[in-house]
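Asker:
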Amino acid sequence: MGASTLSLLPGLPRLVLANVDEGLFELTAAPQELSLVSDDGPLSPLWTYNGGLPGPEIRIKRGERIRVNFSNQLEEPTSVHWHGIRIENSMDGVAGLTQQPVMPGESFAYDFVAPDAGTYWYHAHNRSWNQVARGLYGPLIIDEPEVPFDAEHDLTLMIDDWRLVGQGTLDVASIGELMDWSHAGRLGNYISVNGKLAQTLQLKANEPYRLRLINAANARVFEFDPNRFAAKVIGYDGQNLSEPTRLDYAPLLLGPAQRVDLLVTPTEDFALETFVEGRAYPITRFEVSGPRQTALPVPSLTPSALPEPDLANARRIRVEMQGGAMGGRVDMTFQGRPVTRQLMQDYGQMWAFNGVANLTDDPMFEVERGETVLIETINRTRWVHAMHVHGHHFRVLSRSGAEADDGQPWRDTFLIGAQQTTEIAFVADNPGKWLYHCHMLEHAAAGMNSWFQVG
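If you read the sequence shown in my numbering, its first letter stands for residue 36, the second for the next number, and so on.
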């Protein structure tokens, strides 16, 4: 599996503007055979947006309206979630909660304004454990009105892992295995960046680049060390930091659905490496060339003006995470019925929040618009989880009683370790029905999936 060389940009296609005056984009989900290992390698039966992996990069400026005409050419219902966007509830794309699923052969019009500049992504949100695993995702980049980095210096890297068999084809037969649902989720054995293995990108010496890393994997937590190539963090989960920050710890964990923006001004060749059991694996190499001796100035970024939580008057919510393999017996219900061993096998319900598996007719909690919410999540399981709040960004306040010492940046997804307790807080200023779920997609399907109502 030889490395492919790309010049300057990773080669992500962008959506063709269907109507310049109305800003209408066309997006289609359909089966597509593509090679995951090389340009001439064996073909895998993927599901993609507009025929590419990842889907086309949608790029607009902060405050602009985006209209997407989505068509479903799959053989099963689907929907599109615009991950991390503080979006109008009816456009959030959660099948069965904010909209009906888009049936095969049908279409749906998404129409929303992007309020914050940063790195986001879109992905299927019906049977996500199946559809995302087959390739239904793409980048959504919201630029500042005055774009700080030009296209040559702004690189989007969508990172995924794939379970391949034989000569390098997708292991479709294992999608949905209950072993994955009850354990760590579906983990692959090959890592891709922008749909390809072992890429090499060309950079210019002493010029600042923005690397937008997006974890599109079903369940894998990637480990990086930006200090190995003198990179600084400039944003998390679509929210800019006030200034570039050098991490004083390693590794940087990037859970499923999380994003991190890195600033790098290279002087020599380097590699983006992920660590597995302490061993470094390069997933993208950067070849640096050019005679420039003096570094160019670094563009500045402006953080979004999100409302700060009022902790003194916060509404406190307690969520206990239960179930999973090796978790001991847990009394829980699914659709109002006690979960028996047979029900586990028939419906795959193995995880619960506060003793309840998966969505119910009633919300987990209700709050008034503008109220501060403090969620204490207690992980009683033996596994790590990536918890995502729809429609809002939050600050992680503490982990297992210790105040979070990472600057408490705004996030929309947080990692919580086995037997750990994490407190987050946000202002519930976006009305509607919003999911709170694990973004290990198998865990969500198997019960770690609930919702709350903002009045």
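By construction, the Cβ of each residue, glycine as well, lies at the ideal position given by its N, Cα and C atoms.
Figure out for me which residue from Q135, D304 and R446 has the closest Cα to the Cα of G153.
Answerer: R446
Asker: Which residues does DSSP pair with G173 in a beta bridge?
Answerer: The beta-bridge partner set that DSSP reports for G173 consists of Y157.
Asker: Between the region 163-172 and the region 200-213, do three or more beta carbon pairs fall short of 8 Å?
Answerer: yes
Asker: With DSSP as the reference, label M399 as helix, strand or coil.
Answerer: Coil.
Asker: May I ask you to report which of helix, strand or coil DSSP gives E111?
Answerer: The three-state secondary structure of E111, taken from DSSP, is coil.
Asker: If you count every other CB in all the chains shown that lies within 10 Å of the CB of G405, and 16 or more means buried, which is it?
Answerer: exposed
Asker: Cβ atoms of V419 and L450: under 9 Å apart, would you say?
Answerer: yes
Asker: Give the straight-line distance between the Cα atoms of N465 and D74, rounded to the nearest whole angstrom.
Answerer: Their backbone Cα atoms lie some 44 Å apart in a straight line.
Asker: Anyone know if the C-beta pair for L232 and L71 falls short of 9 Å?
Answerer: yes
Asker: Could you have a look at P261 and say whether DSSP puts it in helix, strand or coil?
Answerer: In the structure shown, P261 sits in a helix (DSSP, three-state: H, G or I).
Asker: Tell me the residue span of the beta strand (DSSP E) that contains D195.
Answerer: Counting along the chain, the beta strand (DSSP E) containing D195 begins and ends at D189 to W197.
Asker: Decide if the region 98-113 is in contact with the region 143-157; the criterion is three or more beta carbon pairs, one per stretch, under 8 Å apart.
Answerer: With a cut-off of 8 Å, the region 143-157 and the region 98-113 count as touching, because enough Cβ pairs lie within range.
Asker: Is R364 helix, strand or coil by DSSP?
Answerer: coil
Asker: Is the separation between the beta-carbon of L81 and that of E68 shorter than 9 Å?
Answerer: Taking 9 Å as the Cβ cut-off, L81 and E68 qualify as a contacting pair.
Asker: So W386 is in the beta strand (DSSP E); what residue range does that whole segment cover?
Answerer: W386 to F388 is the span of the beta strand (DSSP E), which, as asked, contains W386.
Asker: Tell me whether T375 is buried or exposed, calling it buried when 16 or more other Cβ atoms sit within 10 Å of its Cβ.
Answerer: Exposed, since its Cβ has fewer than 16 Cβ neighbours within 10 Å.
Asker: Taking 7 Å as the limit between beta carbons, can you name the residues of its chain near V489, skipping five residues before and five after?
Answerer: V402, R404, A463, N465, P466, G467 and W469
Asker: Give a yes or no on whether the C-beta atoms belonging to R198 and N229 are separated by under 9 Å.
Answerer: No Cβ-Cβ contact shorter than 9 Å links R198 with N229.
Asker: The alpha helix (DSSP H) spanning A64 covers which residue range?
Answerer: No alpha helix (DSSP H) contains A64, which is instead part of the beta strand (DSSP E) from L59 to S70.
Asker: Three or more C-beta pairs closer than 8 Å, one from the region 382-402 and one from the region 353-365: is that the case here?
Answerer: yes
Asker: Cα-Cα, which of G128, P180 and P89 is closest to D196?
Answerer: P89
Asker: What is the DSSP secondary structure of N229, reduced to helix, strand or coil?
Answerer: coil
Asker: Taking the beta carbon of L346 as the centre, do at least 16 other beta carbons fall within 10 Å, making it buried, or is it exposed?
Answerer: exposed
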